[in-house]
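K.L.:
Residue numbers are given in this note's numbering: position 56 of the sequence shown equals residue 61, and the series is strictly consecutive. C-beta: ideal position from N, C-alpha, C; glycine also. Note that the structure is a prediction, hence the values are computed from the model and not measured. Take a look at this one; I'll ask things after.
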Amino acid sequence: MTAKEIIRLAIYGLAAVTAAVLAILAYLRGDTATVTVALGWIATNVLSVFNVGNTSTGGDHAA
6 MTAKEIIRLA
16 IYGLAAVTAA
26 VLAILAYLRG
36 DTATVTVALG
46 WIATNVLSVF
56 NVGNTSTGGD
66 HAA
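Here it is as structure tokens:
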């Protein structure tokens, strides 16, 4: 695993944790729209981890 891949994993992990905190805070305020968006961000970041080492996509999470 290269340093670039490790950095990407760390960024995706941090983004997922940040979105989880946002989802919890939005849930406590009763803001279901923000909770839904935050859950989408969490799912995107979790799924992006599987593409980090994928050479056919260049490691981009959007591929």
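Give the secondary structure of ASN99 by DSSP, where H, G and I count as helix, E and B as strand, and everything else as coil.
P.N.:
Because the chain here runs from 6 to 68, residue 99 falls outside it and cannot be looked at.
K.L.:
Do LEU27 and THR41 come within 8 Å of each other at the CB atom, strictly closer than that value?
P.N.:
As a working mapping, residue 41 is identified with position 36 in the sequence shown. As a working mapping, residue 27 is identified with position 22 in the sequence shown. Contact: no.
K.L.:
Tell me which residues share the same chain as ALA69 and place their Cβ nearer than 7 Å to its Cβ, disregarding the 5 neighbours each side in the sequence.
P.N.:
Any answer about residue 69 is impossible in this case: the structure gives the chain only from 6 up to 68.
K.L.:
Taking only the alpha-carbon atoms, compute the straight-line gap between THR49 and MET6 and give it to the nearest angstrom.
P.N.:
Counting from one through the sequence shown, the residue named residue 49 turns up at place 44. Counting from one through the sequence shown, the residue named residue 6 turns up at place 1. If I take the Cα positions, the gap works out to 21 Å.
K.L.:
Starting from THR23 and walking both ways along the alpha helix (DSSP H), at which residues does that stretch end?
P.N.:
Reading the sequence shown from its first residue, position 18 is the one you call residue 23. Looking at the DSSP string, the run of the alpha helix (DSSP H) that includes THR23 is 8–34.
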